Structure formats: C-alpha cells, structure tokens
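Chemist: Dumping the structure here so I can ask a few things about it.
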Amino acid sequence: MSAAYDVVIAGAGIVGLAHALAAAERGLRVAVVERDQRCVGASIRNFGFVTVTGQPAGDTWRRARASRDTWARVAPEAGIAIEHRGLWLLAQRPRAAEVLQAFMHTPMAEGNELVDASEAATRAPALRTEGAVAAMWSPHELRVESRTAIPKLAAWLAERHGVVFHLGETVLEATAGRVRTSARTLHAGRVALCTGADFTGVAAPALVRHRLELTRLQMLRVRPPAGFVLGSAVMGDLSLVRYGGYAALPEAAPLLAQLQQEEAESLDAGIHLIVVQSADGTLVVGDSHHRFATPEPFASERVDDLILHHLRQTLRLDAVEVVERWTGVYPVGAPVDCVIEAPDAATRVVVVSSGTGASTAFGIATEVFDGWN
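Numbered per the numbering used here, the sequence shown spans residues 82 to 454.
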C-alpha cells in the first residue's frame with residue numbers, strides 16, 4: 082500500500098502535531114504516523130501549562146511566546162478549553178525575592194508585576210502568604226487539559242486541514258522522501274521525525290552524537306475542598322533554581338546555596354512545585370525529575386510526599402485527596418532545549434530535550450518550516 086504527500090511526520094505528540102499544523106497552514110498535504118493508537122506519552126502526562134515567564138533567554142523564551150500565541154489562536158477553533166491564564170510565583174525566602182527583583186529588570190519580565198506578600202494575599206487568596214516575602218504575577222501563561230487537548234487538536238487537524246493519521250503503525254524506515262511503516266509505504270517531499278523519547282528507532286543515527294538521556298517525573302492529581310479556586314498556575318522558590326530564565330541570574334546562586342541546606346532532599350529528587358487547576362476543580366501537582374538511560378517504572382511514595390509537602394507550604398490547603406498518580410518520561414541531556422538535525426535535504430529530526438514541548442512546539446515547528454527550503 083503506497084500513498085504520496087508533501088510532508089510525512091513521525092509522531093503524534095505535541096511536537097509532531099505542531100509540525101503538522103505548520104505544514105498544513107502552508108497548504109501542504111500532510112500525513113502523520115503514530116505507533117500507538119492514540120497519544121499516551123509525555124504530551125498528555127504534563128500540566129498542559131504553556132510556560133513563558135522563566136524560560137531560558139533566547140530561543141526557548143522566543144519559541145514559548147510564539148507557541149502561547151498559537152495555542153490562544155487554535156484552542157477555540159479546535160474546541161480546546163483554556164482552563165486558566167497567568168502565573169503566580171510565590172517567593173517564600175528573601176533570596177527568592179531577590180531573584181525575582183533581578184528578573185524584573187530583564188526584557189523577559191515585560192508585562193509582569195512584582196508585589197509584596199500582602200498584595201499577593203488580596204489578589205490571590207489561595208496563596209499561603211504568611212511568612213512569604215513577595216510574589217510575581219505573569220499574565221503570559223495559559224493552561225489546557227493535555228489529555229483532552231491533544232486528541233482534540235489531532236481531530237481538528239484532520240477535519241479542518243485534511244491531515245491524514247496512520248495510527249498504530251511503527252515507522253520502520255525513513256529515507257529521503259520515503260517512509261515505510263509496519264503497514265504501508267508513504268512518499269513525500271519532506272519527512273519530519275518527531276519521535277520524542279524514542280532514541281533507538283529511525284531517528285537514532287541523527288541523535289546519537291547528542292548523547293540524550295531520559296528523565297522520569299512523578300505527578301499527582303488531587304481533590305481540594307469544595308469551592309477551592311486557584312485561578313492561575315502557581316510556582317514556588319524551587320522553580321527559581323530550575324527554570325533557566327531565573328537560574329541564570331547571579332542572584333540565583335545564593336538562593337541555590339540556601340535551598341541545598343534547607344531542601345536538599347527535594348533538590349536531589351529534582352522537585353519544583355507547579356500547580357494548575359482543572360475544570361472539575363481538581364489540581365494537577367508536580368513534579369520530580371530523575372535521569373535514567375532506561376527509566377524504572379517504579380514511583381516513589383516519598384517523592385510524592387515531598388511534592389505534597391511543597392503544595393501545603395504554598396497554598397492554603399491542609400488536606401487534599403489524591404485521586405491519580407502517574408509518571409512521565411522525556412528526553413534531556415543536550416546543551417540546548419531542542420535538537421533539530423537535518424540528515425539530508427528532505428529530512429528533519431526534531432526532539433525537544435528539556436520538557437518544554439507543550440510550551441515551545443508550535444514555535445519550533447514554525448522555525449523548522451521557515452528554514453526548510
């Protein structure tokens with residue numbers, strides 16, 4: 082069985098779907114091949130949090146801004162609800178406040194506000210501001226429900242743009258202009274391999290020099306008391322030493338030294354707090370980060386306890402009911418946040434190597450096609 086397209090894309094996660102959109106909006110005929118019957122990988126195991134503020138300066142921050150704009154444009158057309166907008170980052174230590182003060186002097190802070198704890202308590206009653214020093218409000222973020230947004234985006238691409246999906250088919254071979262799957266052969270002028278955490282398949286020759294690893298994260302969904310409203314995403318002090326836009330500032334070094342004394346176990350587990358809210362009132366909470374060549378499938382109860390500890394420290398929640406737990410896996414290890422390789426003129430290999438796919442994929446895909454003659 083054989084068919085011809087302008088572009089064939091391997092991978093129906095957010096990176097593959099972003100490339101499908103970029104190609105379709107250029108009037109190209111697009112096919113997407115996905116080895117599973119539906120997307121079950123990192124693209125649905127995250128917060129659905131499109132993060133702009135705090136992304137590393139340069140390409141990542143620029144791509145995140147472009148991706149946020151694309152999400153805002155596409156979501157209503159695809160029937161994807163934007164659950165909430167914006168970000169509160171609560172500084173619970175003076176040194177954390179100093180990082181935020183320094184960040185406010187960077188171009189990336191345009192539109193953000195730095196307020197004291199009392200004003201934060203008035204504007205964001207869910208925050209536990211006792212003992213806090215300051216908080217930063219960013220209006221730039223938005224949040225979707227990943228596990229429903231990804232299939233809705235795929236369905237909209239098929240209906241609105243005529244993208245053809247071949248699900249449950251493994252890509253066995255990809256050469257210039259030709260993709261052979263377990264069920265068919267597809268011909269195309271261009272091939273984009275957006276294979277995510279698969280380093281051993283058809284994209285392997287292009288990725289081997291980057292020495293990528295995998296990081297496994299743990300996340301939870303919890304039910305707060307009835308009537309609890311978050312209103313936006315929330316982060317805390319640990320995020321300031323993990324997100325590159327903050328961590329690269331000189332003021333982050335003293336904060337990291339303090340956290341190494343006070344939160345060594347959380348740092349060792351790669352924990353930094355993110356909390357978002359779903360339409361049913363539940364909260365998605367995380368996350369941790371452990372590197373593996375091949376991730377173990379066993380989650381740690383102690384790591385979940387630490388995440389919930391930081392949740393109670395940051396929000397006015399003394400008790401929550403855990404309703405779901407899961408792990409996710411994504412690539413890490415490259416010195417940049419995204420690997421884009423061109424094995425030949427007709428092929429691109431694109432792997433987000435930083436866990437920022439939901440935040441940057443649309444911007445990355447636009448750049449790939451803009452530069453692909």
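Glycine is no exception: its CB is placed at the ideal position from the N, C-alpha and C atoms.
Quick caveat, the model's predicted, so the values are computed rather than measured.
Measuring straight from C-alpha to C-alpha, what distance separates A415 and Y324?
Modeler: C-alpha separation (whole angstroms): 16 Å.
Chemist: Report back the beta-carbon spacing between R209 and Q394 to the nearest angstrom; my notes put them in contact at under 8 Å.
Modeler: Sure, about 7 Å apart at Cβ, within 8 Å.
Chemist: Report the residue from R429, Y86, L98 and R406 whose alpha carbon sits nearest the alpha carbon of W237.
Modeler: Ranking the options by Cα distance to W237, first place goes to L98.
Chemist: State the Cα-Cα distance for the pair H371 and H268, rounded to the nearest angstrom.
Modeler: Spanning the two alpha carbons is a distance of roughly 39 Å.
Chemist: What residue does the alpha helix (DSSP H) around F184 start on, and which one ends it?
Modeler: Unbroken alpha helix (DSSP H) run through F184: P175 to F184.
Chemist: Hey, is the stretch 332–341 in contact with the stretch 285–296, meaning 3+ C-beta pairs nearer than 8 Å?
Modeler: Taking 8 Å as the limit for Cβ pairs, the verdict is that the stretch 285–296 does not touch the stretch 332–341.
Chemist: Alpha carbons only, please: which of A287, L321 and R259 is nearest the one belonging to Y86?
Modeler: Y86 has its Cα closest to that of R259, out of A287, L321 and R259.
Chemist: Does the distance from the CB of F128 to the CB of R224 come in under 8 Å?
Modeler: Cβ distance < 8 Å, so F128 and R224 count as in contact.
Chemist: So A123 and A172 are in contact, right, with Cβ under 8 Å, and what is the actual spacing, rounded?
Modeler: Actually they do not touch by this definition, with Cβ atoms about 29 Å apart.
Chemist: Around the Cβ of A360, are there at least 16 other Cβ atoms within 10 angstroms (buried) or fewer (exposed)?
Modeler: A360 is exposed by the Cβ-count criterion.
Chemist: What would DSSP say about Y327, mapped onto helix, strand or coil?
Modeler: It is helical.
Chemist: Give me the residue from A147, A307, E106 and G249 with the minimum Cα distance to D117.
Modeler: Nearest of A147, A307, E106 and G249 to D117, Cα basis: G249.
Chemist: Could you say which of V310, A104 and V315 lies nearest to V356 if we only look at CA atoms?
Modeler: It is V315 whose Cα lies nearest to the Cα of V356.
Chemist: Since P220 is in the beta strand (DSSP E), which residue starts that stretch and which ends it?
Modeler: Note, P220: beta strand (DSSP E), A215 to R224.
Chemist: Using beta-carbon positions only, say whether T408 and L298 come within less than 8 Å of one another.
Modeler: Yes; because the gap between Cβ atoms is below 8 Å, this pair is in contact.
Chemist: Out of curiosity, what's the CA-to-CA distance linking L311 and T363?
Modeler: Those two C-alpha atoms are separated by around 10 Å.
Chemist: Relative to the C-alpha of I95, which candidate in A177, R119, T428 and A207 has its C-alpha closest?
Modeler: Checking every option, the nearest Cα to that of I95 belongs to R119.
Chemist: Within its chain, find whatever has a CB closer than 6 Å to the CB of A183; leave out the 5 residues flanking it on each side and keep chain order.
Modeler: Around A183: L330 and E332.
Chemist: Taking the alpha carbon of T132 as the reference point, which residue from T441, G108, W453 and E448 has its own alpha carbon closest?
Modeler: The shortest C-alpha separation from T132 is found at T441.
Chemist: Return the Cβ separation of G92 and G277 in integer angstroms, given the expectation that the two are a contact with Cβ distance under 8 Å.
Modeler: Between G277 and G92 the Cβ distance is about 6 Å, and since that is below 8 Å, they are a contact.
Chemist: Using DSSP's beta-bridge definition, name the partner residues of M316.
Modeler: Per DSSP, L170 and I355.
Chemist: Measure the beta-carbon distance from P220 to G167 and round it to whole angstroms, keeping in mind my assumption that it falls under 8 Å.
Modeler: Between G167 and P220 the Cβ distance is about 5 Å, and since that is below 8 Å, they are a contact.
Chemist: Given a threshold of 16 other Cβ atoms within 10 Å of its Cβ, counted over all protein chains shown, does E222 qualify as buried or as exposed?
Modeler: Buried: at least 16 other Cβ atoms inside 10 Å.
Chemist: Residues in its own chain within less than 6 Å of V245 by CB, not counting five upstream and five downstream?
Modeler: Here the set comprises A112.
Chemist: Is V366 closer than 8 Å to V322 when the C-beta atoms are compared?
Modeler: Result no, Cβ atoms of V322 and V366 do not sit closer than 8 Å.
Chemist: So which of G317, A380, A213 and E254 has the shortest CA-CA distance to T296?
Modeler: T296 has its Cα closest to that of A380, out of G317, A380, A213 and E254.
Chemist: Report the option in E240, G135 and A202 whose CA atom is closest to the CA atom of V180.
Modeler: Taking only the C-alpha atoms, the option nearest V180 is G135.
Chemist: Taking the alpha carbon of S313 as the point to measure from, which residue in L170, T141 and H391 has its own alpha carbon closest?
Modeler: Measuring from the Cα of S313, the nearest candidate turns out to be L170.
Chemist: Assuming contact is defined by CB atoms lying nearer than 8 Å, are E254 and V283 in contact in what I supplied?
Modeler: Cβ distance < 8 Å, so E254 and V283 count as in contact.
Chemist: Does DSSP classify Q136 as helix, strand or coil?
Modeler: In this structure, Q136 counts as coil in the three-state DSSP scheme.
Chemist: Alpha carbon to alpha carbon, what distance is there between M300 and D385?
Modeler: Each residue's Cα considered, the two are about 8 Å apart.
Chemist: Please work out which residues of its chain come closer than 8 Å, Cβ to Cβ, to A426, disregarding the five sequence neighbours upstream and downstream, and give them in chain order.
Modeler: Closer than 8 Å at Cβ, skipping near neighbours: A257.
Chemist: Are L102 and A446 closer than 8 Å when you measure CB to CB?
Modeler: Yes, Cβ-Cβ distance for L102 and A446 is below 8 Å.
Chemist: Among the residues of its own chain, which have a CB less than 6 Å from the CB of A50, if the five just before and after it don't count?
Modeler: Residue 50 lies beyond the stretch modelled for the chain, which goes from 82 to 454, so this question has no answer here.
Chemist: Go ahead and pull the three-state DSSP assignment for L348.
Modeler: In this structure, L348 counts as helix in the three-state DSSP scheme.
Chemist: Should S434 go down as buried or exposed, given a rule of 16 or more other Cβ atoms within 10 Å for buried?
Modeler: The residue is buried, with at least 16 neighbouring Cβ atoms inside 10 Å.
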